[in-house]
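This note's numbering puts the first residue of the sequence shown at 3, with every later residue one more than the last.
Note that beta-carbon positions come from the ideal geometry of N, C-alpha and C, so glycine has one too.
All remarks here apply to the structure that follows.
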Amino acid sequence: MSITSSSSSLAATASADNAPFCVAALYRFTHFDTPAALQRPLQDQCAALDICGTLLLAREGINGTVAGTEDAIRQLITAIRALPGCAEIDVKYSTALERPFARMKVRLKKEIVTMGVPDLDPTQDVGIYVEPQDWNALLDRPDMVLIDTRNDYEVEIGTFAGAIDPRIKTFREFPGWFAQMQDQWKAEGKPTPPVAMFCTGGIRCEKSTALARHMGIEEVYHLKGGILKYLEDVPQDESKWQGNCFVFDERVSVTHGLALTQDQTCQQCGFPFGPEDAHRCSSDGDWHRQNPRQG
């Protein structure tokens with residue numbers, strides 16, 4: 003998959019180049035009484051429009067990435083916006099020169115992003131949304147605790163200055179880590195601090211701040227639109243971001259202005275690393291350097 007541009011606007015992305023495939027990454031926390039009833043209609047519509055990718059459906063909402071022609075994606079997003087609670091669904095668009103997914107899958111899941119905490123409801127109580135242009139001022143507060151909610155290999159190549167890295171392998175590990183943080187604050191006799199959380203595109207932030215509120219944290223914030231929206235909107239000379247942002251497609255990572263980087267992923271274990279780095283693979287134990295990019 004060769005992605006050539008990225009934006010939160012379908013029109014802006016479509017006009018950026020002549021790539022034949024429009025890619026839409028989307029999610030929404032809402033309430034679906036019977037998500038199974040939505041599965042077949044969405045699968046049939048995607049088949050009729052020749053759309054490929056994956057959509058996840060759960061009682062808590064919808065999440066996924068799909069690709070097709072600009073008109074096909076527009077029709078699908080219109081249909082998804084008509085689902086209960088999805089009128090304001092978050093969608094990020096990009097383009098691809100080649101068909102990015104082999105087929106279309108609409109799957110039923112227990113959660114659209116797996117944390118493993120029952121009865122957590124991000125539609126009822128989450129952190130305060132902070133626009134990218136206001137994020138720096140929040141981080142300048144001396145009492146603010148900044149937490150990166152992503153997995154360790156993502157944090158390895160870039161994060162915000164001063165952020166705490168939980169060193170988690172999966173999102174399921176985050177609740178246990180956060181509980182330990184709370185215990186540490188109590189053991190040190192410190193008042194519970196205000197907390198700001200961030201992730202790549204926003205979906206983990208919503209669930210992690212819902213968890214923080216559920217666990218009694220009063221003042222909780224998260225970055226609206228995630229790191230990608232921050233890198234898109236905030237000029238580099240004003241940015242508090244350090245390094246690159248890992249993304250789950252052929253780009254591997256992006257930086258300010260969503261520009262491509264030279265990072266690649268290890269073909270054995272998937273760990274991202276830069277052109278000047280030597281990486282020790284967790285699968286075969288060998289040290290690897292980058293292969294020349296093709297094309």
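Test item: CB-CB of residue i and residue j under 9 Å
i: R83; j: I91; result: yes
i: G164; j: G245; result: no
i: V222; j: V128; result: yes
i: Y232; j: P168; result: no
i: S210; j: I149; result: yes
i: G55; j: M117; result: no
Residues near residue i in its chain [Cβ-Cβ closer than 6 Å; skip 5 each side]
i: Y131; result: K226
i: V2; result: The question about residue 2 has no answer here: the residues shown for the chain are numbered 3 through 297.
i: C201; result: T151, R152, C207, G228
i: V147; result: P195, V197
i: G63; result: R30, F31, T32, I114
Backbone CA spacing between residue i and residue j [nearest angstrom]
i: D136; j: L230; result: 15 Å
i: N65; j: G204; result: 11 Å
i: A214; j: D123; result: 12 Å
i: M3; j: A27; result: Interpretation of M3 is limited by its pLDDT of 42, a score under 50 that renders its predicted location unreliable; no figure is taken from the coordinates.
i: Q269; j: F248; result: Reliability of the predicted coordinates at Q269 is poor, the pLDDT of 49 falling under 50, and the value obtained from them is presented with this limitation in mind. Approximately 16 Å, taken between the alpha carbons.
i: A189; j: I166; result: 19 Å
i: H33; j: Q238; result: 38 Å
i: D38; j: G178; result: The identity of residue 38 in the sequence shown is Ala, whereas the question assumes Asp. Rounded to whole angstroms, A38 to G178 spans 31 Å at the Cα level.
i: N138; j: I219; result: 21 Å
i: R282; j: I170; result: The predicted model places R282 with a pLDDT of 48, which falls under 50 and marks its position as unreliable, so this point remains unresolved.
i: F176; j: Q184; result: 12 Å
i: W187; j: M217; result: 13 Å
i: W243; j: E158; result: 13 Å
i: Y95; j: A181; result: 35 Å
i: V93; j: D121; result: 26 Å
i: Q126; j: H224; result: 15 Å
i: F162; j: M199; result: 11 Å
i: P86; j: V119; result: 23 Å
Beta-carbon proximity list for residue i, same chain, < 7 Å, skipping 5 on both sides
i: A81; result: Q47
i: L51; result: G70, A74, Q77, L78
i: A302; result: The structure shown does not extend to residue 302, since the chain spans only 3 to 297, so no value can be given for it.
Exposure label - residue i; buried when at least 16 CB within 10 Å
i: P193; result: exposed
i: E156; result: buried
i: R30; result: buried
i: A212; result: buried
i: T172; result: exposed
i: E240; result: exposed
Residues of its chain near residue i, where Cβ-Cβ distance is below 8 Å and the 5 sequence neighbours each way are ignored
i: A89; result: R83
i: D145; result: P195, P196
i: A60; result: F34, P37, L110, K111, K112, E113, I114
i: F23; result: A69, G70, T71, T97, A98, L99, E100, R101, P102
i: R308; result: Past the boundaries of the shown model lies residue 308; the chain is included only from 3 to 297, so the question cannot be answered.
Within the region 174-247, ranges of the alpha helix (DSSP H) (whole runs, at least 4 residues)
176-189, 205-216, 228-235
Uninterrupted beta strand (DSSP E) stretches inside the region 87-137 (no shorter than 3 residues):
92-98, 106-110, 130-132
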